[in-house]
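Top line first, the protein sequences correspond to chains A and B. 131 is the number of the first residue of the first sequence in our numbering; add one for each residue after it. 131 is the number of the first residue of the second sequence in our numbering; add one for each residue after it. Report on one structure; see the data block that follows.
2 protein chains.
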Amino acid sequence: MQEIRRYVEKNKDDIISDLRNLVKHPSISAQNIGIDECASTLNGIFRDADITTTINRVNDSNPILYAEIKGTSDKTLLFYGHYDVQPVEPIDAWRYNPFSGVIADDKVHGRGAADSKGNIIAMINGAKYYLDTVGSPPVNLKFLIEGEEEISSINLPKYIEENKDKLKADATVCFDASLTQSGTASIYAGLKGLLYVELRCKTASVDVHSSLAPIVPNPAWKLLRALQSIRNDMGKITIEGWYDDVKVPNDEDLVLLKRLDYDEKIITNEYGIKYLINDVKGKAALKKLLFEPTCNIAGIYSGYTGLGSKTVLPSAASVKLDFRLVYDQDPDKLITLLRQHLDKRGFEDIELYIFGSLKPSKTDPKSDIVNAAANAAKEVYGGKPSIFPNMWGSGPDFVFTKILKQQSIWTGCSPAYANIHAPNEFIGIRNVLDGVCYAAAIMKEFSRS
Amino acid sequence: MQEIRRYVEKNKDDIISDLRNLVKHPSISAQNIGIDECASTLNGIFRDADITTTINRVNDSNPILYAEIKGTSDKTLLFYGHYDVQPVEPIDAWRYNPFSGVIADDKVHGRGAADSKGNIIAMINGAKYYLDTVGSPPVNLKFLIEGEEEISSINLPKYIEENKDKLKADATVCFDASLTQSGTASIYAGLKGLLYVELRCKTASVDVHSSLAPIVPNPAWKLLRALQSIRNDMGKITIEGWYDDVKVPNDEDLVLLKRLDYDEKIITNEYGIKYLINDVKGKAALKKLLFEPTCNIAGIYSGYTGLGSKTVLPSAASVKLDFRLVYDQDPDKLITLLRQHLDKRGFEDIELYIFGSLKPSKTDPKSDIVNAAANAAKEVYGGKPSIFPNMWGSGPDFVFTKILKQQSIWTGCSPAYANIHAPNEFIGIRNVLDGVCYAAAIMKEFSRS
Numbered sequence: 131m132q133e134i135r136r137y138v139e140k141n142k143d144d145i146i147s148d149l150r151n152l153v154k155h156p157s158i159s160a161q162n163i164g165i166d167e168c169a170s171t172l173n174g175i176f177r178d179a180d181i182t183t184t185i186n187r188v189n190d191s192n193p194i195l196y197a198e199i200k201g202t203s204d205k206t207l208l209f210y211g212h213y214d215v216q217p218v219e220p221i222d223a224w225r226y227n228p229f230s231g232v233i234a235d236d237k238v239h240g241r242g243a244a245d246s247k248g249n250i251i252a253m254i255n256g257a258k259y260y261l262d263t264v265g266s267p268p269v270n271l272k273f274l275i276e277g278e279e280e281i282s283s284i285n286l287p288k289y290i291e292e293n294k295d296k297l298k299a300d301a302t303v304c305f306d307a308s309l310t311q312s313g314t315a316s317i318y319a320g321l322k323g324l325l326y327v328e329l330r331c332k333t334a335s336v337d338v339h340s341s342l343a344p345i346v347p348n349p350a351w352k353l354l355r356a357l358q359s360i361r362n363d364m365g366k367i368t369i370e371g372w373y374d375d376v377k378v379p380n381d382e383d384l385v386l387l388k389r390l391d392y393d394e395k396i397i398t399n400e401y402g403i404k405y406l407i408n409d410v411k412g413k414a415a416l417k418k419l420l421f422e423p424t425c426n427i428a429g430i431y432s433g434y435t436g437l438g439s440k441t442v443l444p445s446a447a448s449v450k451l452d453f454r455l456v457y458d459q460d461p462d463k464l465i466t467l468l469r470q471h472l473d474k475r476g477f478e479d480i481e482l483y484i485f486g487s488l489k490p491s492k493t494d495p496k497s498d499i500v501n502a503a504a505n506a507a508k509e510v511y512g513g514k515p516s517i518f519p520n521m522w523g524s525g526p527d528f529v530f531t532k533i534l535k536q537q538s539i540w541t542g543c544s545p546a547y548a549n550i551h552a553p554n555e556f557i558g559i560r561n562v563l564d565g566v567c568y569a570a571a572i573m574k575e576f577s578r579s
Numbered sequence: 131m132q133e134i135r136r137y138v139e140k141n142k143d144d145i146i147s148d149l150r151n152l153v154k155h156p157s158i159s160a161q162n163i164g165i166d167e168c169a170s171t172l173n174g175i176f177r178d179a180d181i182t183t184t185i186n187r188v189n190d191s192n193p194i195l196y197a198e199i200k201g202t203s204d205k206t207l208l209f210y211g212h213y214d215v216q217p218v219e220p221i222d223a224w225r226y227n228p229f230s231g232v233i234a235d236d237k238v239h240g241r242g243a244a245d246s247k248g249n250i251i252a253m254i255n256g257a258k259y260y261l262d263t264v265g266s267p268p269v270n271l272k273f274l275i276e277g278e279e280e281i282s283s284i285n286l287p288k289y290i291e292e293n294k295d296k297l298k299a300d301a302t303v304c305f306d307a308s309l310t311q312s313g314t315a316s317i318y319a320g321l322k323g324l325l326y327v328e329l330r331c332k333t334a335s336v337d338v339h340s341s342l343a344p345i346v347p348n349p350a351w352k353l354l355r356a357l358q359s360i361r362n363d364m365g366k367i368t369i370e371g372w373y374d375d376v377k378v379p380n381d382e383d384l385v386l387l388k389r390l391d392y393d394e395k396i397i398t399n400e401y402g403i404k405y406l407i408n409d410v411k412g413k414a415a416l417k418k419l420l421f422e423p424t425c426n427i428a429g430i431y432s433g434y435t436g437l438g439s440k441t442v443l444p445s446a447a448s449v450k451l452d453f454r455l456v457y458d459q460d461p462d463k464l465i466t467l468l469r470q471h472l473d474k475r476g477f478e479d480i481e482l483y484i485f486g487s488l489k490p491s492k493t494d495p496k497s498d499i500v501n502a503a504a505n506a507a508k509e510v511y512g513g514k515p516s517i518f519p520n521m522w523g524s525g526p527d528f529v530f531t532k533i534l535k536q537q538s539i540w541t542g543c544s545p546a547y548a549n550i551h552a553p554n555e556f557i558g559i560r561n562v563l564d565g566v567c568y569a570a571a572i573m574k575e576f577s578r579s
């Protein structure tokens, strides 16, 4: 560890400069902004580390970067990451330009700094450390960096299916996660799934004067009725069969949960949240985060939303919903249930548009890769890492566990409250440098397993 | 009537040129665009007709134009109108520039052409006819033209209160309405009131990642719950006491309703409306339009509404609601009921912002001014005019009936489907010229009553 630390300190300026370069290139997959340019910059960073990548596409997907490095053992680790980022709106809530990569307070600021460009820089430099010092890493390495993680990895499953042999490894490390609230590593042996849809209701070809409200249907009221029918006031989804395939938490999950801590006051303070649902606290809050399926309104829009008043009866209304799924709900099956639910209740004319979906995923928490990461985390961050039976976020973990049929964990080096998906995202310089050490240590530890 | 017609034909070019000039001056009160310039142009049009106006303000209101002309009888009529217009959004839905005043298909096109600049031009030229031919009109005339009708006439009540003596008349003619579907005049002996509010729910200081949905409250879901609590699926408002002061329709109203026709297919075709609430038809539709209080979602907004998907849990949600009120609901009382309703149901933290309100208003349909207008309408448009016991739109009629305590009607010369408050507003050249005759005839008929 001393040796890696020294290497990182020596190369600190280059490492941070590469990260700032990457943050300065917008790569917003939802809005198709700057993707190719960012992929090309990332490719240059790999090349400067003497790692040769190929750039691949499935259908008209964003570029998928892939690289291999021969190691000194016969173990193989696949590292996964993503270079695309979330939209920046609301733009006026940002202290710094979200694509400036400015350094202030020992942090790199900008969209994607934490999610997940800082993590990518850490994993590349973890490998570079071995290449620069001993010539090759302790395990065979495969890198897979995609550009559609923030839009539900829509083309990744197809790419994985088509490249099963090439991507085969003993385990996957998805280096895209954050540290715990107390600054130790988080290791996730499972992820929630996601189903992201938009419901659209259109009742006329143009907006009309609101004096017609006694006889002309209002699509916003109709959409609200549909929304109220799919979720009750306690947050439970009221679509028939929605929970049929839920298999968590199992006994092993509950044992892991017992060892974990959660302080809900950190997020309420950080985000100015006035109260939590049912004033939930501590471990009870964590249990809900890890195992509760949700239906969240990510956005809703209809009619006149500008300054002042306008007496208009809208012709259309739409809502974006993200459903978080737990093991082993199947998004394709749930889409059918949702459509049937709407049709049965007179909402046949509400259009259901699917933005994307991710299956939930689960890995044995006693597997080699979990142990290797836990040992690496102890060395770098000290203390015991937190091993989670599930993550409250979602990601394309199922492509590794269900398509490649290999163990997979999610871990990473960004801080716990880095404003990911929100204004003022950042990553600490210390977080990036620790991340390089952590990635390198995982490679070493896995070679011994 | 022959004489007025001849006068109008002779002065046609000047009349239409004045209207185009007025349409070319934007005067969007909701966005504070071009108000003073438009008032000044209108002032010039009065001056050219040899009518001296004064420009008045209450607090920091938009200019209120006022003029008086001595007549040959001791009867006095107050003509009311407004020069402000609705916003033009969505701008790309307009065939012509909304402020070009372009002539095509014998129509003047543009925002405000029908609502209500064409009506203003008609009433000014109705008076000018008498000034140019016999030297003075058959009744004393008072003109009151405001610039805040489209923002609930927020300062008009105060102006009326402060100028009760000056504004005193035997009756008011609010020349701001449209013809019927069949092209005869509409005369409204009453108007709906309006209460325009915004409900705002804020639960955090920033948007957060939607993976926190199991524990962090979503303001959009909360706002939806509040909305569902104030209106049922049948459109009835479920706030306790909301209907307590409703006094219409009375027997006289129902007698008038019997004489009226309504063809709902005209609006469904015109606006591409797929169906009407409960498939209501004809007179039943008209009855609902005239007498049903409504709660309309004019606009709703929360979270991410841009392209694609964003997994965000919004920190705030807001909805603009317009309530149409019927005689004799009191908006101030209803605001209190709404606030109490929300507070009782755990929505104390939903902020209630009041944009403006108008009291409902009613005039005796057997009064002199209704008869005078009906006779004038027969002369100009032929056939029987439609006398409505109420209007489905709203306006500041209560300032005349409740503050000045005088009879008041709403009538006017714009066509039935002129796209008011919507893209592609227009008025026919024929409509404007008939309107001049109609205004002049009302003055004459009222002098005989």
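Note that CB positions come from ideal geometry on N, CA and C, so glycine has one too.
Interface annotation for the region 510 to 534 of chain B against chain A: M521, W522, G523 and S524, criterion Cβ-Cβ distance under 9 Å. In this structure, the CA atom of A/A243 is about 20 Å from the CA atom of B/L443. Contact fails between the region 524 to 540 of chain B and the region 412 to 428 of chain A, because fewer than three Cβ pairs, one in each stretch, are under 8 Å apart. By the C-beta criterion, the region 294 to 307 of chain A is judged not to be in contact with the region 219 to 230 of chain A, since fewer than 3 inter-stretch pairs fall below 8 Å.
Chain-order list of chain B residues neighbouring A/K418: P344 and I345, by C-beta distance under 8 Å.
If one requires a minimum length of 3 residues, the beta strand (DSSP E) runs lying completely within the region 470 to 502 of chain B are 480 to 488, in chain order. For the pair B/K322 and B/M521, the CB atoms are nearer than the 8 Å cut-off. Residue range I165 to D178 is occupied by the alpha helix (DSSP H) that includes A/G174.
The alpha carbon of B/Q459 has as its nearest neighbour, out of B/H471, B/K440, B/K489 and B/S448, the alpha carbon of B/K489. In this structure, DSSP gives A/I533 a helical state, which the three-state scheme calls helix. Residue contact with chain B for A/E278: absent (no Cβ-Cβ distance below 8 Å to any residue of chain B).
Contacts with chain A at 8 Å (Cβ-Cβ) do not include B/V215. Assignment of beta-bridge partners to B/L207 by DSSP yields B/L271 and B/A301. A check of alpha carbon separations from A/V153 across A/I250, A/Y196 and A/N189 identifies A/I250 as the nearest.
With its beta carbon at least 8 Å from every one in chain A, B/W224 lies outside the interface. The alpha helix (DSSP H) runs lying completely inside the region 368 to 430 of chain A and spanning 4 residues or more are 381 to 389, 394 to 401 and 412 to 421, given in chain order. In this chain, the alpha helix (DSSP H) harbouring B/L563 covers I559 to S577. For B/D148, the three-state secondary structure derived from DSSP is helix. If you ignore the 5 residues before and after A/S497, its C-beta comes within less than 6 Å of the C-beta of Q537, all in its own chain and listed in chain order.
With respect to B/P268, B/G371 sits apart: the two C-beta atoms are not nearer than 8 Å. DSSP places A/A552 outside any alpha helix (DSSP H), giving it a letter other than H or E. Taking 8 Å as the cut-off, the Cβ atoms of B/V188 and B/N255 do not count as close. Among the CB atoms of chain A, one or more fall inside 8 Å of the CB of B/I427.
Under DSSP, A/V215 takes part in a beta bridge, and its partners are A/I158. Taking the beta carbon of B/L357 as reference, the chain A residues within 7 Å of it are L354, listed in sequence order. One thing to note: A/F305 has its Cβ within 8 Å of the Cβ of A/A569. Residue state for B/N186 is assigned as strand, using DSSP reduced to three classes. The count of Cβ pairs closer than 8 Å, one atom from the region 312 to 319 of chain B and one from the region 504 to 514 of chain B, reaches three, so the stretches are in contact. B/G248 counts as buried, since no fewer than 16 other beta carbons sit within 10 angstroms of its beta carbon.
Close partners of B/H239 in chain A (Cβ separation under 9 Å) are lacking, with about 16 Å as the shortest Cβ gap. By the Cβ-count criterion, B/D462 is exposed, with fewer than 16 other Cβ atoms from all chains shown falling within 10 Å of its own Cβ. Around A/I290, the same chain offers V529 and I533 as residues with beta carbons nearer than 6 Å, after the five sequence neighbours per side are excluded. Residues of the same chain with a CB within less than 8 Å of the CB of A/R469, apart from the 5 flanking positions on each side, are L482 in chain order.
Between the alpha carbons of A/A446 and A/A350 lies a distance of about 7 Å.
Listed in chain order, the positions of the region 429 to 450 of chain B with a beta carbon within less than 9 Å of a beta carbon of chain A are G429, I430, Y431, S432, G433, Y434, T435, G436, L437, G438, S439, K440, T441, V442, L443, P444, S445, A447, S448, V449 and K450.
In this structure, the straight-line span from the alpha carbon of A/D527 to that of A/K352 is close to 36 Å.
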